[in-house]
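Chains F, E, X and L, in that order, are what the protein sequence lines are.
First residue of the first sequence: 9, per our numbering; consecutive thereafter.
First residue of the second sequence: 9, per our numbering; consecutive thereafter.
First residue of the third sequence: 9, per our numbering; consecutive thereafter.
First residue of the fourth sequence: 9, per our numbering; consecutive thereafter.
Glycine included, every Cβ here is placed at the ideal spot set by N, Cα and C.
Bear in mind the structure is a predicted one, so any value in this text is a computation, not a measurement.
Down below is the structure, laid out as structure tokens.
4 protein chains.
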Amino acid sequence: HARGRKPWKLMLQIIKIAIITIQLVSFGLSNQMVVLFTEENLSTFKNLFLKDYDGDMDSYAVYRQADVYDHIDYILVQYGDLHSLTVGNQEYDKNYPMSVCQEFYKNSTISPGNETFDIDIHVINDCFNVYPMEHLTLRKALPHFKLHFKRMLSVKITFVLKAINLQTVRYREMPDCYDFTIIITFDNQVHSGRIKVDLESDVEINECRDLKVTGASARNIHPTVLFDCLVIITCIASFALCTRSVINGIQLQFEYTDYCKKHCGCQVPWSDRLEFLNGWYILIMVTDILNIIGSILKIEIQTKVLTNYDVCSIFLGTGTMFVWIGIIRYMGYFRKYNILILTMRAGFPNVIRFICCAGIIYMSYCFCGWIVLGPYHEKFRTLNMVSECLFSLINGDDMFATFLEMKQKSLLVWLFSRIYLYTFISLFIYMILNLFITIIADTYYTVKRQSGKPRSELQRFI
Amino acid sequence: HARGRKPWKLMLQIIKIAIITIQLVSFGLSNQMVVLFTEENLSTFKNLFLKDYDGDMDSYAVYRQADVYDHIDYILVQYGDLHSLTVGNQEYDKNYPMSVCQEFYKNSTISPGNETFDIDIHVINDCFNVYPMEHLTLRKALPHFKLHFKRMLSVKITFVLKAINLQTVRYREMPDCYDFTIIITFDNQVHSGRIKVDLESDVEINECRDLKVTGASARNIHPTVLFDCLVIITCIASFALCTRSVINGIQLQFEYTDYCKKHCGCQVPWSDRLEFLNGWYILIMVTDILNIIGSILKIEIQTKVLTNYDVCSIFLGTGTMFVWIGIIRYMGYFRKYNILILTMRAGFPNVIRFICCAGIIYMSYCFCGWIVLGPYHEKFRTLNMVSECLFSLINGDDMFATFLEMKQKSLLVWLFSRIYLYTFISLFIYMILNLFITIIADTYYTVKRQSGKPRSELQRFI
Amino acid sequence: HARGRKPWKLMLQIIKIAIITIQLVSFGLSNQMVVLFTEENLSTFKNLFLKDYDGDMDSYAVYRQADVYDHIDYILVQYGDLHSLTVGNQEYDKNYPMSVCQEFYKNSTISPGNETFDIDIHVINDCFNVYPMEHLTLRKALPHFKLHFKRMLSVKITFVLKAINLQTVRYREMPDCYDFTIIITFDNQVHSGRIKVDLESDVEINECRDLKVTGASARNIHPTVLFDCLVIITCIASFALCTRSVINGIQLQFEYTDYCKKHCGCQVPWSDRLEFLNGWYILIMVTDILNIIGSILKIEIQTKVLTNYDVCSIFLGTGTMFVWIGIIRYMGYFRKYNILILTMRAGFPNVIRFICCAGIIYMSYCFCGWIVLGPYHEKFRTLNMVSECLFSLINGDDMFATFLEMKQKSLLVWLFSRIYLYTFISLFIYMILNLFITIIADTYYTVKRQSGKPRSELQRFI
Amino acid sequence: HARGRKPWKLMLQIIKIAIITIQLVSFGLSNQMVVLFTEENLSTFKNLFLKDYDGDMDSYAVYRQADVYDHIDYILVQYGDLHSLTVGNQEYDKNYPMSVCQEFYKNSTISPGNETFDIDIHVINDCFNVYPMEHLTLRKALPHFKLHFKRMLSVKITFVLKAINLQTVRYREMPDCYDFTIIITFDNQVHSGRIKVDLESDVEINECRDLKVTGASARNIHPTVLFDCLVIITCIASFALCTRSVINGIQLQFEYTDYCKKHCGCQVPWSDRLEFLNGWYILIMVTDILNIIGSILKIEIQTKVLTNYDVCSIFLGTGTMFVWIGIIRYMGYFRKYNILILTMRAGFPNVIRFICCAGIIYMSYCFCGWIVLGPYHEKFRTLNMVSECLFSLINGDDMFATFLEMKQKSLLVWLFSRIYLYTFISLFIYMILNLFITIIADTYYTVKRQSGKPRSELQRFI
């Protein structure tokens with residue numbers, strides 16, 4: 009139906025796919041520079057401020073009282089001499105001095121030797137400000153600073169560094185100014201004798217206040233924003249056309265319902281009614297909305313109203329994904345492709361249905377694995393990790409390592425783990441995954457047999 | 009059959025699933041804190057007491073006589089200065105001093121140069137007690153301590169440290185007192201010139217003797233125990249209902265046997281008789297028993313009667329697993345789901361049967377691989393590891409690494425390993441795994457054809 | 009058809025396969041020695057000239073101003089003392105001294121603290137020449153050398169070392185002379201405080217000018233070149249024979265077209281016409297051309313006209329690949345093998361067709377994953393890596409690691425990543441891969457049913 | 009046929025399986041102790057004699073002239089002070105002093121700077137003997153020792169250490185005496201400036217000359233040897249029985265041939281004749297021969313006639329594997345199992361046939377990958393590794409890493425590698441592996457349809 013009107017819509021869709029993909033790629037490429045600069049700065053901070061850092065944060069921890077003081081001292085010294093140390097262009101933010109904060113329980117007498125303790129769980133947060141100067145040390149900066157190890161919860165050192173992302177100059181873009189808020193945490197919440205040290209860096213991106221670039225054209229934000237507007241307009245046009253088609257479909261459905269009532273007096277079932285609602289149009293409409301929101305957010309990022317890329321990228325990414333999936337609709341017009349698409353569509357509910365059944369068995373294994381193997385296996389620590397680990401096992405990944413990493417402390421649990429893993433893998437790989445194959449094959453042959461046959465009186469009506 | 013009575017049982021089962029899952033999750037979360045504290049303490053002990061420890065216990069060993077003395081000395085020094093070293097709250101147990109024990113053959117003259125030896129295999133265990141004091145050294149503590157390297161079997165250093173798991177305070181739980189028994193072993197049983205050093209820590213959890221927490225409510229053990237009791241009651245109720253149904257089924261079976269004898273004079277086969285015994289009821293009954301035992305153990309752990317979590321977690325974990333698997337029964341009431349469940353049930357015996365056949369070939373490869381490749385490949389050291397390695401290989405894991413790690417010392421064995429691995433993988437992946445797919449597909453089509461047809465006179469009777 | 013003429017052609021093809029494989033293997037083996045020498049020299053340069061190099065170039069970077077000077081100084085010192093350091097036979101090229109170049113922006117005032125900067129993006133390249141002498145240091149060689157860290161783009165140190173690949177002497181081949189151009193780059197283009205250090209070595213291979221080998225026969229380049237000529241001749245002969253067959257086929261097709269026009273007056277469809285064009289002949293002709301070009305390039309390499317192995321190896325490699333694939337043609341003469349080959353040929357278009365459909369969904373996931381997960385996951389940094397990562401995931405590799413490496417900074421993105429990965433893997437492994445199986449099975453049964461049946465009037469004509 | 013005679017043979021086979029498995033397991037367990045001792049001694053030697061050894065032999069190499077002297081000096085010092093260093097019981101063999109050998113070209117003037125050289129390829133092997141004494145150094149031991157780096161091929165340091173494997177005492181076995189011949193090689197054959205250092209240890213196991221163990225029973229070699237004899241006897245019995253059956257079969261075949269000639273005058277085809285030759289009997293006979301040879305070798309090892317375990321373990325391992333596979337024969341007597349075994353047997357030729365076809369394509373990819381990617385990818389260095397890498401890729405292993413490790417030096421080769429890998433994986437995983445599934449499924453249904461039908465007049469005759 010409606011063969012005459014198609015070329016216009018088709019062309020619009022093709023243009024839409026092209027410009028949305030271009031928009032995504034250019035957004036992604038400009039993102040990469042921001043990510044690179046942020047990542048490398050984080051790496052620089054870790055190498056500059058963490059004593060004896062060797063590139064592995066997971067095992068970076070201190071165990072001795074003197075070491076904790078040394079680490080804090082090292083941070084202060086490096087902070088004070090930053091100017092003559094760093095090869096980058098980081099500088100202090102004059103408004104925010106470094107703050108050294110110690111959190112500890114208000115009052116406590118803890119003597120594990122006697123198995124007694126008296127604790128006040130109110131937490132005191134004791135902070136000092138340190139202004140940067142050369143050859144700064146802990147002794148000079150905070151002569152009275154003392155750590156109460158037994159009741160300490162954490163030490164947090166916070167400071168702000170500013171930097172300019174100069175690399176964009178080479179791509180004829182204006183450099184932006186970055187504010188890095190660096191937080192170094194000595195985490196003692198477990199009170200186990202192991203103080204985990206962590207360095208985080210939150211970034212805020214601003215336009216620089218005063219800038220001058222010689223030898224290059226001025227900043228050109230307009231073309232990008234204009235292109236985003238073009239995307240928005242195209243999406244609105246596409247949305248309008250689809251809405252019209254959907255409304256037409258609904259009207260047709262009402263006509264058909266009346267026609268049925270009159271001619272055969274029968275009620276039209278919902279499944280037949282939904283036939284009038286073309287799923288592809290719904291997909292295109294959703295896509296358009298996603299892309300419009302994404303593009304608006306992108307314009308706001310470009311004009312520095314927003315600094316968070318995540319929401320924008322999720323909208324744009326999902327939008328582009330759906331736009332591409334929409335192409336499959338047009339491949340269905342070729343006969344040989346059609347059977348594959350039909351099989352995928354027809355097999356979908358069966359697969360989902362079976363995933364529900366298998367999912368329950370899967371969940372039961374997750375719970376059981378988490379509670380029993382959790383204390384003995386790194387990969388079974390949290391429910392989420394259990395799920396990921398088992399999912400990887402089904403799909404043939406990581407098996408021997410999973411067997412091997414099991415701690416052999418308790419023989420009972422070790423035996424349990426073997427039974428657990430062997431039965432799980434056998435059950436899923438040898439039975440359940442194979443049922444998926446059978447379901448798909450069954451669907452394929454069903455679709456192949458049906459294609460070409462007349463469908464129902466609904467088709468005849470159309 | 010029996011549609012009228014179902015809603016009650018169904019509701020009971022749904023409630024049971026909910027409360028058992030809640031119980032499991034809360035148990036798992038409170039476990040996590042214990043595991044975290046124990047693990048981090050172990051890591052602390054390794055970092056404090058093992059000289060030049062770099063995070064990898066597997067390669068941690070000493071090879072020189074002077075190094076052994078140094079390591080022991082280091083342990084003594086660290087132990088003596090523990091108070092001023094650790095950032096945690098570990099303290100000595102005043103009742104147990106550190107004990108340094110050397111095991112060695114009673115008397116032996118070993119001179120490999122002459123290929124002669126004279127050995128008395130009675131083992132002497134020579135122990136010294138060391139009381140903690142500051143700046144302790146081996147020379148000060150045990151001036152006459154000497155290691156007989158040639159006939160030494162092991163040196164064991166044992167001491168007890170006490171600690172309090174303070175982190176629970178933040179979750180409004182009372183902290184427990186932990187006794188860590190730390191055993192550092194210098195293992196020389198192989199007499200190969202490599203003394204493996206190992207640190208183990210056994211933990212015992214007690215209620216602290218005297219405790220006072222300001223600013224928080226008192227310990228609340230009652231709600232958890234009450235919830236466990238609720239679980240037990242629910243399970244007993246469910247168990248009772250199922251028992252009644254099973255008994256009804258058995259009675260019905262006897263009636264049917266009589267009916268058959270009277271009407272057709274024929275003997276009822278066992279397969280028909282077992283039809284009356286609903287497998288799901290058996291499953292529920294087993295589940296209930298597992299959960300009741302698990303919950304009782306959990307109450308005992310909560311009241312510090314028991315300290316071993318393993319048995320309890322196996323009971324609770326298996327129980328919860330079966331409870332969840334039980335849900336599948338209710339999905340079978342929907343027609344489309346039913347065929348999948350029926351296929352899985354019908355395919356199960358065939359898969360098991362085929363696993364037996366394949367298992368024999370698998371076992372034969374295991375034996376052969378173990379004996380031939382064992383000395384040349386890490387993954388073929390023990391029969392258990394061979395089995396895990398081959399199992400991983402079948403399921404597509406770890407292949408290139410397995411090929412690569414083969415030591416190329418003997419060309420004959422190297423060639424054998426290639427033939428072995430190529431044939432094994434080809435045989436299992438290209439023939440046996442594919443037969444599983446065929447078996448499942450065959451079962452699926454059989455089930456699909458049968459469903460809807462009348463089954464037998466047994467069905468007619470019901 | 010044409011059974012009488014075959015033995016000649018078959019024998020030619022068998023000879024061709026043999027000599028081409030021999031040529032390839034001998035080329036590969038002599039390549040290996042060149043690659044080994046080049047690789048080990050590169051490793052030597054890294055160990056000699058890079059300070060504190062530990063074998064991992066990815067994490068090799070400097071973060072402190074003093075370190076940059078130290079590294080440059082170290083290179084100079086090692087370069088000056090090369091003679092007494094290296095255990096190999098590298099020597100300076102007297103014509104090319106070491107050059108130390110600094111690239112920096114012409115003029116810039118950058119003060120991130122005030123968020124202001126004034127930059128001239130013209131780049132100045134400031135170079136110094138250093139002649140090798142013993143105990144060379146940066147201070148002695150370049151007393152006025154100063155790095156402008158804030159506006160520096162890179163420091164490049166370039167020098168040429170000469171070496172002789174002596175190992176070939178043992179295989180009775182004349183040693184060649186190698187010129188290694190070593191470029192050490194301190195890359196500061198990101199201006200992030202992390203200067204990446206990289207060492208590259210470009211190699212040029214020459215015949216040595218004056219050489220004398222006692223105790224071995226003189227260099228024998230002739231046999232290899234003669235063998236290459238033999239390959240070329242064989243390929244030309246094979247090419248000629250195939251061309252004749254193809255021309256015959258085309259003539260036969262014209263005759264058939266005429267025959268059809270006369271007898272039944274019908275038009276011959278293109279698919280029937282293409283039947284006359286034997287695909288295998290086309291394959292052999294392409295193979296011959298590839299091998300001829302490859303062999304000519306190989307002769308040029310052997311006579312030192314060319315030094316680039318890549319193009320030659322691609323031609324020879326692809327040629328040999330096609331030659332081997334050509335063997336399958338002869339296996340098709342056996343009945344049982346034929347069905348498999350026919351299935352593969354018949355299934356090919358369907359698989360390609362389906363790969364197109366699946367490829368679109370795949371692309372849509374690629375785009376979406378790149379834009380959203382790129383900043384948070386190493387494997388999603390570039391579109392190319394996203395594609396490789398997803399391709400590996402489908403084929404059951406690397407799953408748990410991919411889940412694990414996701415940075416947990418933003419909860420929203422973390423959740424998105426889970427949905428993304430679970431849906432992607434489920435969709436592709438449980439639906440799309442299974443459809444491939446079904447397509448192949450369908451093709452197999454179709455082919456099996458058809459084989460043996462008469463095909464068409466075309467066959468009857470032949 | 010022949011139901012009456014079976015129980016005897018069956019019992020013999022079951023006993024055989026049991027005792028062979030026991031023999032294998034006990035052999036494997038006693039092997040493990042030897043392997044453990046040898047491995048740990050090797051690790052000890054590496055840690056004692058290699059300077060700055062960190063557990064990774066692959067990257068263990070020296071690059072500086074001074075370092076080579078230091079390493080040799082270190083070996084001498086450690087060797088001299090072995091007595092007071094090692095914690096094991098290694099001692100010098102008084103008959104063999106340490107030998108330090110330098111291999112170098114007889115005469116050579118190599119000046120790469122001028123691109124000239126004059127070399128005499130005769131190799132001189134210059135050896136010195138060093139007798140162990142305390143505080144030995146290179147200067148003291150060999151004052152005139154000098155390395156000719158430019159023409160040096162290798163330095164080999166060889167010495168013998170003796171040790172006693174005392175650990176067996178605890179298992180009531182007599183300890184054996186071990187002679188370790190340690191060879192440390194400084195390999196400079198590539199002349200690339202990188203001297204690879206390798207330590208190998210050859211072991212020879214002897215009975216100690218004079219030994220006395222107090223507190224334990226004397227050595228008991230008899231039971232093991234007796235058990236081995238029992239195995240040999242059982243295998244001979246089994247072999248004899250099978251030979252009789254096979255001979256019976258052959259006689260029956262001749263009778264049948266005569267019968268056919270007389271009654272229907274037709275020739276009996278070879279396939280029918282082979283029906284009389286029971287394949288299982290052949291398997292059992294091969295197994296018996298393997299086990300007999302293996303057991304004889306084992307007795308020789310136990311009596312110290314032989315010291316090489318490899319050949320023995322291959323015979324015993326293969327023998328045990330076939331014994332276990334023989335069990336499948338007895339499972340075929342159950343109907344449901346039979347179909348699976350029949351499918352496997354019937355599918356075998358088809359799978360082999362198809363592996364041939366696929367193998368040719370596989371080989372062609374191997375050659376092409378080796379020649380083109382070899383210089384740029386670690387995994388494509390040798391033809392053998394290419395084959396293993398591609399095999400792993402097909403079976404879903406190691407994919408992303410393989411993509412990633414490709415060096416991005418030449419864009420052309422990089423592109424080629426992508427096309428190569430994507431096409432290879434798609435072709436094999438999506439087409440060829442799926443054809444295996446189809447072949448197996450086809451065989452299964454064929455076998456299922458045939459089973460139960462009468463086979464031929466041959467069956468009728470039997």
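Limits of the unbroken beta strand (DSSP E) element including methionine 106 of chain F: Run containing methionine 106 of chain F: 106 to 119, per the beta strand (DSSP E) assignment.
CB contact check: lysine 220 of chain X to chain L, cutoff 7 Å: yes
Proximity test, Cβ basis, 7 Å: aspartate 184 of chain X and chain L: no
Where the beta strand (DSSP E) containing asparagine 214 of chain F begins and where it ends: 203 to 214
Euclidean distance between Cα positions of serine 321 of chain F and leucine 324 of chain E: One C-alpha to the other measures close to 43 Å.
Asparagine 403 of chain L burial status per 10 Å Cβ neighbour count (16 or more: buried): buried
Beta-carbon gap between valine 198 of chain X and glutamine 73 of chain F smaller than 7 Å: At least 7 Å separates the beta-carbon of valine 198 of chain X from that of glutamine 73 of chain F.
Under the three-state DSSP convention, the category lysine 24 of chain L falls into: helix
For valine 421 of chain L and valine 359 of chain L, believed in contact at Cβ under 8 Å, the rounded distance: Not quite, the Cβ-Cβ distance comes to about 35 Å (not below 8 Å), so this is no contact.
is_contact[isoleucine 258 of chain L, chain X] using C-beta, thresh 7 Å: no
Contact set between arginine 217 of chain L and chain E, taken where Cβ atoms lie within less than 9 Å: Asn122, Glu123 and Thr124
Beta-carbon proximity of serine 395 of chain E to cysteine 374 of chain E, cut-off 7 Å: yes
Any alpha helix (DSSP H) of 4 or more consecutive residues that is wholly inside the segment 245 to 305 of chain F: 278 to 283
DSSP bridge partner residues for isoleucine 191 of chain L (one or two, in chain order): L/Thr166 and L/Glu208
Rounded straight-line distance, which links the Cα of aspartate 101 of chain X to that of aspartate 184 of chain X: Aspartate 184 of chain X and aspartate 101 of chain X have their C-alpha atoms some 16 Å from each other.
Members of the segment 299 to 316 of chain X that neighbour chain L once the beta carbon cut-off is set at 8 Å: Result list empty, no residue passes.
Environment of proline 383 of chain X [buried if 16+ CB atoms lie within 10 Å]: buried
Contact under 7 Å by Cβ, isoleucine 5 of chain F with threonine 328 of chain F: There is simply no residue 5 of chain F to check, as chain F begins at 9 and stops at 470 in what is shown.
Whole-angstrom distance between leucine 429 of chain X and leucine 391 of chain F, CA atom to CA atom: 17 Å
Same chain, Cβ closer than 8 Å to glutamine 416 of chain F, five either side skipped, listed in chain order: The answer, listed in chain order, is Trp422.
Euclidean distance between Cα positions of cysteine 274 of chain E and arginine 281 of chain E: 13 Å
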